[in-house]
Amino acid sequence: MLRYLAIGILAINAGCATLIESNQQEVLVQTIQDHRMLPGVGCVLANDAGRWFVNAPGRVTIQKSSTPLLVDCKKAGAGWGSESFEPAFGSVQWANIATGGLGFIVDHNSGAGFDYPATLTIVLRKFGELAPAPAPARKPVNFGRDMTDPAGP
Numbered sequence: 015m016l017r018y019l020a021i022g023i024l025a026i027n028a029g030c031a032t033l034i035e036s037n038q039q040e041v042l043v044q045t046i047q048d049h050r051m052l053p054g055v056g057c058v059l060a061n062d063a064g065r066w067f068v069n070a071p072g073r074v075t076i077q078k079s080s081t082p083l084l085v086d087c088k089k090a091g092a093g094w095g096s097e098s099f100e101p102a103f104g105s106v107q108w109a110n111i112a113t114g115g116l117g118f119i120v121d122h123n124s125g126a127g128f129d130y131p132a133t134l135t136i137v138l139r140k141f142g143e144l145a146p147a148p149a150p151a152r153k154p155v156n157f158g159r160d161m162t163d164p165a166g167p
């Protein structure tokens, strides 16, 4: 009986990243201005699990989460930059989904089943410079036909 119970527990948690992977991740933060690396930039990284500080370029160990990682960088006399990085499913999360296990819920809450990009690149703008406007939406190509009339010209 205990054997079947043990097999059942293993099957439920087959992909549980909390048991297999760490809920921490080391990331490299690098800053760029005018198409060049800019050293000595102070950066704050934050998600719902905490806040971390690093001088870029540099590495810092953060706690994983299912929420975006916000990175805000500034250097006196040089500029500022801010980016948001979405977490991606780790490979173990797909096993959780495939097995329908409880591990998915545990991993989602602990963040262990998610990974941020290993390298976080922040583009700095000069102080007073606004962030670039979003690109305009592309117009659909109609190849010379009025697309509102299915019969054509």
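Everything in the sequence shown is counted per our numbering, starting at 15 for the first residue and increasing by one.
Beta carbons: idealized from backbone N, C-alpha and C, even for Gly.
Run the CB neighbour count on residue i, radius 10 Å, all protein chains shown included, and call it buried at 16 or more, exposed below.
i      : result
Gly54  : exposed
Phe189 : Because the chain is modelled from 15 through 167, residue 189 falls outside the range shown and cannot be assessed.
Gln38  : exposed
Thr45  : buried
Ala70  : buried
Gly64  : exposed
With residue i as the anchor, note down where its beta strand (DSSP E) starts and where it stops.
i      : result
Ala132 : Careful: Ala132 lies outside any beta strand (DSSP E) and carries neither H nor E.
Ala60  : Val55 to Asn61
Leu42  : Gln38 to Gln47
Taking just the CA atoms, how far does residue j sit from residue i?
i      : j      : result
Lys89  : Phe67  : 14 Å
Val137 : Ser79  : 23 Å
Val74  : Ala92  : 22 Å
Gly56  : Ser36  : 26 Å
Asp62  : Ile76  : 11 Å
Phe128 : Leu83  : 12 Å
Arg139 : Gln47  : 7 Å
Val43  : Arg50  : 14 Å
Leu52  : Trp94  : 11 Å
Thr133 : Ala102 : 14 Å
Tyr130 : Asp86  : 16 Å
Val168 : Thr135 : This structure cannot settle anything about residue 168, because the visible part of the chain is limited to 15 through 167.
Ser96  : Ala60  : 11 Å
Glu100 : Thr81  : 7 Å
Ser98  : Glu40  : 17 Å
Would you say residue i lies against chain B (beta-carbon separation less than 7 Å)?
i     : result
Asn61 : Any reference to chain B falls outside this structure, which holds one protein chain only.
In the DSSP assignment, what are the bridge partners of residue i?
i     : result
Gly64 : Asn61
At 3 residues or longer, and completely inside the stretch 67-108: list those beta strand (DSSP E) runs for me, N to C. 72-77, 83-89 and 93-99, all fully within the stretch 67-108.
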